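> Quick one: this structure, given as structure tokens, is what I'll be asking you about.
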Amino acid sequence: LAAARLIQEATGLEVIIHFTTRDRNLMALQSELIGAHATGIRNVLALTGDPPRLGDYPNATAVWDVDSIGLIAILKRLNTGKDWAGTSIGRASRFFVGCAVNPTAEDIDLEVERFRRKLDAGADFVMSQPLYELETLERFLDRVGAIPVPLILGIMPVQSFKHAEYLHNEVPGITIPRSLLDRMERAGESGMAEGLAQAREFLSQAKQYVAGTYIMPSFGRYEQVAELVKAL
4 LAAARLIQEA TGLEVIIHFT TRDRNLMALQ SELIGAHATG IRNVLALTGD
54 PPRLGDYPNA TAVWDVDSIG LIAILKRLNT GKDWAGTSIG RASRFFVGCA
104 VNPTAEDIDL EVERFRRKLD AGADFVMSQP LYELETLERF LDRVGAIPVP
154 LILGIMPVQS FKHAEYLHNE VPGITIPRSL LDRMERAGES GMAEGLAQAR
204 EFLSQAKQYV AGTYIMPSFG RYEQVAELVK AL
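The sequence shown begins at 4 in the working numbering and counts up one residue at a time.
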């Protein structure tokens, strides 16, 4: 939260904080959100959070008093001036609440069902997991129908064949299509340029379906992101 506030002050741009329910109980969730609002944070991406066993601290304890759907409901309740228990917080907050969606989920029926519940809970915008092919996006949109809030497409340019393999096999929520794996393998030492070219192509194809994009730099390569932004 402190980093988000510093970035917002330094750039003059609104930030979106990624807020998970994994590490905080219900009281701590509300306390941190109210504190964030007091410092000027308004945009919150509500996330459940990956299990600790998938990270560097596999023995850590997860809390999960609520999941991302419950967090969306809490944020919308705060926007009415009340906490989860119905107690007044003095004044209404003005959170703009986002949710995540994974069009490549293995259990797509569950993903679609949870996505609809997030919308019903009051999500104001949607951010997708990183995607790499138009067919996946179109198939998901056909499945869910019209989305009544802005959809922001996730982009993470791949750097090499090895990087693409790692994302596909080791990172939850990311699926690299076979066509891109083959393309990156053929690219060899030109993998970084090829990954950037693929991201440009995909964004050009997908822009008709989305309200915007967010781009995640790999290995701190922000200059690559800047190149991609210039091409938009």
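Beta carbons are placed, not taken as given, at the ideal position from N, Cα and C, and that holds for glycine.
Quick caveat: nothing in here was measured; it's all calculated off a predicted structure.
Would the beta-carbon of Ala126 fall within 8 Å of that of Val152?
In the sequence shown, residue 126 corresponds to position 123, counting from 1. In the sequence shown, residue 152 corresponds to position 149, counting from 1. A contact, by the Cβ cut-off of 8 Å.
> Using the three-state DSSP reduction, which class does Lys121 fall into: helix, strand or coil?
Here residue 121 corresponds to residue number 118 of the sequence shown, with the count starting at 1. Here Lys121 sits in helix by DSSP.
> In this structure, does DSSP put Met195 in helix, strand or coil?
As a working note, residue 195 is residue 192 in the sequence shown. Helix, per DSSP.
> CA-CA distance, Tyr60 and Val69?
Position 57 of the sequence shown, counting from 1, holds the residue named residue 60. Position 66 of the sequence shown, counting from 1, holds the residue named residue 69. Taking the straight line joining both Cα atoms gives about 21 Å.
> Cutting at 8 Å between CB atoms, please list the residues of its own chain near Ser91, excluding the five before and the five after it.
Residue 91 sits at position 88 when you count from the first residue of the sequence shown. Same-chain partners within the cutoff: Gly84 and Lys85.
> Taking the straight line between their C-alpha atoms, what separation do you get for Ala41 and Phe98?
Here residue 41 refers to the residue found at position 38 of the sequence shown. Here residue 98 refers to the residue found at position 95 of the sequence shown. Rounded to whole angstroms, Ala41 to Phe98 spans 11 Å at the Cα level.
> How is Thr23 classed by DSSP in three states: helix, strand or coil?
Along the sequence shown, one-based indexing puts residue 23 at 20. Note: Thr23 maps to strand in three-state DSSP.
> If distances are taken between C-alpha atoms only, which option among Glu197, Leu57 and Met187 comes closest to Glu173?
Here residue 173 corresponds to residue number 170 of the sequence shown, with the count starting at 1. That would be Leu57, whose Cα lies nearest to the Cα of Glu173.
> What three-state label does DSSP hand Ile155 in the structure shown?
Your numbering for residue 155 matches position 152 in the sequence shown. Strand.
> May I have the straight-line CA-CA distance separating Leu154 from Thr216, to the nearest angstrom?
To locate residue 154, count along the sequence shown from 1; it is residue 151. To locate residue 216, count along the sequence shown from 1; it is residue 213. Cα to Cα, the separation comes out at about 8 Å.
> Cβ atoms of Val104 and Val47: under 8 Å apart, would you say?
Your numbering for residue 47 matches position 44 in the sequence shown. Your numbering for residue 104 matches position 101 in the sequence shown. Cβ distance not < 8 Å, so Val47 and Val104 don't count as in contact.
> Return helix, strand or coil for Ile75, following the three-state DSSP convention.
Position 72 of the sequence shown, counted from the start, is the residue given in the question as residue 75. Reduced to three states, the DSSP call for Ile75 is helix.
> I'd like the span of the alpha helix (DSSP H) that includes Gln11, first residue to last.
Here residue 11 corresponds to residue number 8 of the sequence shown, with the count starting at 1. Start and end: Ala5 to Thr14.
> In the structure shown, what three-state DSSP assignment does Asn172 receive?
Numbered from its first residue, the sequence shown carries residue 172 at position 169. Three-state result, Asn172: helix.
> Compare the C-alpha of Arg237 against each of Leu137, Ser207 and Val147 and name the closest.
Since the displayed the chain opens at 4 and closes at 235, residue 237 lies outside it and no answer follows.
> Are the beta-carbon atoms of Met195 and Ile158 separated by less than 8 Å?
Position 192 of the sequence shown holds residue 195. Position 155 of the sequence shown holds residue 158. No, they are not a contact pair.
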